[in-house]
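**Q**
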Amino acid sequence: MLKYPLEQHAEENAREEQRCLEEVESLLTGYHNKPAAVVVEPIQSEGGDNHATPAFFKGLREVTRKHNVLLIVDEVQTGVGATGKFWAHEHWNLQDPPDMVTFSKKAQTAGYYFGNPELKPNKPYRQFNTWMGDPARALLFRAIINEIERLNLVENTAETGNYLYNRLADLSTKYPNEFQNLRGKGQGTFIAWDSPRRDEVLRKAKGVGINIGGSGERAVRLRPMLIFQKKHADLLCDGLEKITRS
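So the numbering used here is basically just the index in the sequence shown, starting at one, shifted up by 4.
#1: Label H228 either buried or exposed according to how many other C-beta atoms from any shown protein chain fall within 10 Å of its C-beta, with 16 as the threshold for buried.
#2: Does the Cβ-Cβ distance between K208 and I152 come in under 8 Å?
#3: So is G34 buried or exposed if we call it buried at 16+ other beta carbons inside 10 Å?
#4: On a CA-only basis, which of N54, L25, P58 and R225 is nearest V42? Give me that one, please.
#5: Would you say F194 and A86 are within 8 Å of each other, going by their C-beta atoms?
#6: Give the range of the alpha helix (DSSP H) segment to which T106 is assigned.
#7: With 16 other CB atoms within 10 Å as the buried threshold, where does G63 fall?
#8: With DSSP as the reference, identify every bridge partner of W197, one or two as the case may be.
#9: Are the beta-carbon atoms belonging to E50 and S219 less than 8 Å from one another?
#10: Who pairs with Y117 in a beta bridge, going by DSSP?
#11: Going by CA-CA distance only, name the one from R69, H236 and R141 that's closest to D100.
#12: Based on the DSSP output, what are the partners of I76 in its beta bridges?
#13: Is the beta carbon of H93 closer than 8 Å to that of E79?
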């Protein structure tokens, strides 16, 4: 497991990420059937909102390319602006992009995009049946993208996220036992921390007008909308401090 904040534990995290990359390569070369792909989330959302560094994902791209295995990035939760980039994998600055990127939920449709024409489905029914491509949903997604661009919502999320992270960092300094392993710096509003009384915090949050969620065993995670602004961040942090002191 990595230690947070990432930048404060860079050396030991680099060793752990290298160990993980070696384990991935061992699985790719030693498994009894050759794997077709590696599927990875930019942030492990349901496992506790676990983050890694861009260096890890660059290494993962190198390993998958070396062994001729697809790299599929699951952006169902992280995509469409939540991390201060339209796609979270943009933060990695890859010279060799992922082979496929999946999306859903906020996009109002489910799908994937790819760069290599060889990955295009070769049977029409894979794109045209009850459960596959839906032109009406594609139009909705296009309208959503237009509004995101018109209102500069990705930029807003990046700026608001930086402000929110700094306010939460202040709380973690003031209440280190209540705000542990703060993570998500530079990741828009995709921020999380660990709390020893997580379930109690979530329950009390509703009493002060805050709707936040949990992930994993101890993580409190934030998933505000793209219209979330600094004034909302202030309300959130003031409410969290009130809960902490209660």
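Quick reminder that beta carbons are idealized off the backbone N, C-alpha and C, glycines included. This structure is a prediction, so every number in the text was calculated from the model and none was measured.
**A** So, to answer that:
#1: Per the sequence shown, the amino acid found at residue 228 is Pro instead of His. Buried is the call here.
#2: no
#3: exposed
#4: L25
#5: yes
#6: Element bounds for T106: not the alpha helix (DSSP H) but the beta strand (DSSP E), M104 to F107.
#7: buried
#8: V224
#9: yes
#10: V105
#11: R69
#12: V43 and M104
#13: yes
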